[in-house]
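For what it's worth, this note's numbering labels the leading residue of the sequence shown as 8, then goes sequentially. Even for Gly, the Cβ is constructed at its ideal location relative to N, Cα and C. For clarity, every value in this text was computed on a predicted model and none was experimentally measured. What follows is a short report on a single structure.
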Amino acid sequence: MDKRQTTPWAWIPTLYMAEGAPYFAVNTLAMLFLSEMGLSNTDVALYTSWMYLPWVIKPFWSPILDLFGSKKMWVVVMQFIVAIALGGVAFTAPCDFWLNASLAFFWLCAFASATHDIAADGLYILALDTNQQSFFVGIRNTFYRISTVLCQWGCLVLAGQLFEKNTVDGMDVIPAHASAWSTVFYIMAIAFLVLSVYHFAFLPNDKKRLEIGRTSDDEMLSVETYGRTSQNETDAQKTVELDGIVASLKNNFKSFFAKFTGRELILALLFIFTYRLGEAQLGKIAQLFLKDTYENGGLGLSLTDVGNIYGLVGVIALMTGGVLGGIAVSRYGLKKMMFPMLLFMNIPNVVYIFLSSTQTAFLPTIYTMVAIEQFGYGFGFTAFTLYLVYISQGKYSTTHYAICTGLMALGMMIPGMIAGYMQETLGYTNFFVWVCICTIPPFFIAPLLKIDKEFGVK
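As structure tokens, then:
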């Protein structure tokens with residue numbers, strides 16, 4: 008690394024705020040925007056679930072980024088593309104062709120966000136030594152969570168306030184929603200434009216290291232360059248590097264699956280795909296339920312209320328659950344905590360059966376119920392994350408963990424696609440009963456998993 012670099016404090020907080028914001032824009036704001044613009048729950052869940060695809064396939068194109076420029080370049084360019092994408096949503100929201108245009112721009116934002124994740128995390132590793140990485144890990148996670156609050160609370164509350172200001176009695180509400188959301192996405196676009204310029208100036212110029220394939224069990228071919236890829240690099244060299252990447256990808260997947268016996272592999276995959284089977288569907292519908300009309304079975308809350316409930320109280324409860332979950336595992340180990348964490352994650356889903364059957368309008372009750380569910384999710388999700396870490400251990404732990412997160416995203420994408428259809432077919436109360444039924448399979452799979460009883464204990 009070039010020793011004449013700015014302090015990590017100048018770029019880590021802003022980098023990880025920028026990493027979180029587009030993810031939540033695509034997976035939360037897009038969902039509520041499409042719903043407010045008149046789409047059915049079936050369409051909203053289907054369209055937004057497809058936006059998980061970039062995170063599903065991220066392990067496949069992650070190594071290819073090393074062929075074309077530095078991590079800094081990718082970060083800056085992706086932030087600029089996010090700005091263009093969000094600006095495109097804002098510009099087309101009031102137009103007649105808003106749906107096709109907004110879906111295209113959200114897709115662009117999703118791919119840019121997933122690519123940004125790869126580049127940002129790679130830059131973090133290359134720009135910092137191991138001591139700095141350990142020191143800043145809590146700081147980067149904190150600022151990632153701040154971006155969660157800004158998106159899920161700040162943006163929703165702002166959209167709600169602007170909608171109420173623009174609404175005229177007796178008039179169609181869609182133009183008011185379009186105007187409100189357009190303003191929100193313009194603000195986000197401007198913020199990312201500023202961030203891209205700022206990071207162009209302040210991000211360190213990383214040393215790019217590319218592992219392009221194995222020549223034997225113990226030898227790794229590698230190419231090291233500094234900064235941008237040389238303009239004089241030949242097509243032949245590119246072909247060799249690309250061939251090496253393909254070989255490396257094959258080796259990575261082969262070595263991952265070779266860790267397991269046939270039975271262990273089936274159990275691991277079933278566990279990954281079922282652990283969040285209920286949550287994947289609940290996450291697509293819960294906020295839509297809160298804002299849906301009383302006549303449709305919802306609670307009829309405003310966007311401002313939804314933002315306060317999910318974006319502020321819910322995030323605080325989620326973070327608290329995650330912290331306490333980590334403490335519990337460090338004391339008792341993953342194996343002992345697996346079953347309790349499954350209970351904590353899934354049992355609180357019954358609060359939505361209560362809310363949908365009573366359709367209570369008493370806000371303190373709604374706040375409390377959602378906080379309980381989010382706390383349980385944060386506490387229980389710790390076990391899932393650590394299980395992915397556990398099965399990724401070994402020589403290629405980083406690559407294998409990336410494969411696991413891709414499988415995890417697939418486990419969220421597919422159930423989410425049918426969530427809206429299931430809700431509109433069953434109604435809200437029966438849908439939430441269905442969600443609770445979907446939480447049952449991992450309880451039978453978890454006891455069959457091979458987990459070292461000391462894993463996670465400090």
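Check: For cysteine 411, which residues from the same chain have a beta carbon less than 8 angstroms from its beta carbon, with the 5 sequence-adjacent residues on both sides left out?; Outcome: Ile279, Leu395, Ile398, Ser399
Check: Taking buried to mean at least 16 other C-beta atoms within 10 Å of its own C-beta, is valine 322 buried or exposed?; Outcome: buried
Check: Determine whether the beta carbon atoms of leucine 36 and cysteine 162 lie at a separation below 9 angstroms.; Outcome: yes
Check: Put aspartate 103 into one of helix, strand or coil per three-state DSSP.; Outcome: coil
Check: Using the beta-carbon count (16 or more within 10 Å), is phenylalanine 369 buried or exposed?; Outcome: exposed
Check: Kindly confirm or deny that the segment 81-91 and the segment 183-194 touch, where touching means at least three C-beta pairs closer than 8 angstroms.; Outcome: no
Check: Among the residues of its own chain, which have a CB less than 6 angstroms from the CB of alanine 287, if the five just before and after it don't count?; Outcome: Met419, Pro422, Gly423
Check: Which two residues bound the contiguous alpha helix (DSSP H) that contains asparagine 48?; Outcome: 48-57
Check: CB-CB under 7 angstroms to leucine 256, same chain, minus the five flanking residues each way: which ones, in chain order?; Outcome: Phe67, Pro70
Check: Please say whether threonine 21 and tryptophan 81 have beta carbons closer to each other than 9 angstroms?; Outcome: no
Check: Just the C-alpha distance for valine 63 and tyrosine 30, rounded to the nearest angstrom, thanks.; Outcome: 13 angstroms
Check: Would you give the residue range spanned by the alpha helix (DSSP H) that serine 337 belongs to?; Outcome: 322-339
Check: Where do the ends of the alpha helix (DSSP H) carrying valine 440 lie?; Outcome: 435-445
Check: Measure the beta-carbon distance from methionine 490 to isoleucine 153 and round it to whole angstroms, keeping in mind my assumption that it falls under 8 angstroms.; Outcome: This structure leaves residue 490 out entirely; the chain is present only between 8 and 465.
Check: From what residue to what residue does the alpha helix (DSSP H) around methionine 38 run?; Outcome: 37-43
Check: Can you check whether the CB of isoleucine 316 is closer than 9 angstroms to the CB of isoleucine 373?; Outcome: yes
Check: For the alpha helix (DSSP H) containing tyrosine 154, name the first residue and the last one.; Outcome: In the sequence on display, residue 154 carries serine and not tyrosine. Where serine 154 is concerned, the enclosing alpha helix (DSSP H) stretches over 137-156.
Check: Helix, strand or coil, according to DSSP, for phenylalanine 462 in the structure here?; Outcome: coil
Check: With DSSP as the reference, label proline 15 as helix, strand or coil.; Outcome: helix
Check: Go through the segment 61-125 residue by residue and report every complete run of the beta strand (DSSP E) that reaches 3 residues or more, in order.; Outcome: none
Check: How many whole angstroms separate the CB atoms of glycine 427 and alanine 52, which I take to be in contact at a CB cut-off of 8 angstroms?; Outcome: 3 angstroms
Check: With a threshold of 16 other CB atoms inside 10 Å of the CB of aspartate 381, please say whether the residue is buried or exposed.; Outcome: Note that residue 381 is glutamine in the sequence shown here, rather than aspartate. Classification of glutamine 381: buried, given that the 10 Å Cβ count is 16 or more.
Check: Around the Cβ of tyrosine 301, are there at least 16 other Cβ atoms within 10 angstroms (buried) or fewer (exposed)?; Outcome: exposed
Check: Apart from the five residues on each side of it in sequence, which residues of its chain come closer than 6 angstroms, Cβ to Cβ, to aspartate 312?; Outcome: none
Check: With a threshold of 6 angstroms on Cβ separation, who are the neighbours of tryptophan 160 within its own chain once the five nearest residues in sequence on each side are excluded?; Outcome: Gly314, Gly318, Leu319
Check: The alpha helix (DSSP H) spanning tyrosine 197 covers which residue range?; Outcome: Residue 197 is actually isoleucine in this sequence, not tyrosine. Here the alpha helix (DSSP H) through isoleucine 197 covers 181-209.
Check: Note down, in chain order, each residue of its chain lying with its Cβ closer than 6 angstroms to the Cβ of proline 448, except the 5 sequence neighbours on either side.; Outcome: Thr281
Check: Check for me: the alpha helix (DSSP H) holding tyrosine 374 runs from which residue to which?; Outcome: 370-398
Check: By DSSP, does lysine 402 sit in helix, in strand, or in coil?; Outcome: coil
Check: Using C-beta distances below 8 angstroms, list every residue in its chain close to serine 223, excluding the 5 sequence neighbours before and after it, in chain order.; Outcome: With a pLDDT of only 36 at serine 223, under the threshold of 50, the placement of this residue in the model should not be trusted; the figure read from the coordinates follows. Taken in chain order, the list of residues that qualify is empty.
Check: Candidates Phe209, Phe142, Leu115, Val83: which alpha carbon is nearest glycine 95's?; Outcome: Leu115
Check: Should aspartate 136 be labelled buried (16 or more other beta-carbon atoms within 10 Å of its own) or exposed?; Outcome: exposed
Check: Taking C-alpha atoms, which residue in Ala32, Gly385, Phe386, Phe438 lies nearest to alanine 196?; Outcome: Ala32
Check: Taking contact to mean 3 or more Cβ pairs, one atom from each stretch, closer than 8 angstroms, check whether the segment 451-462 and the segment 336-350 are in contact.; Outcome: yes
Check: Please tell me whether tyrosine 54 and alanine 416 are closer than 9 angstroms, where the distance is taken between their beta carbons.; Outcome: no
Check: Could you check which residue in Ile452, Phe263, Pro355 has the C-alpha nearest to that of tyrosine 403?; Outcome: Phe263
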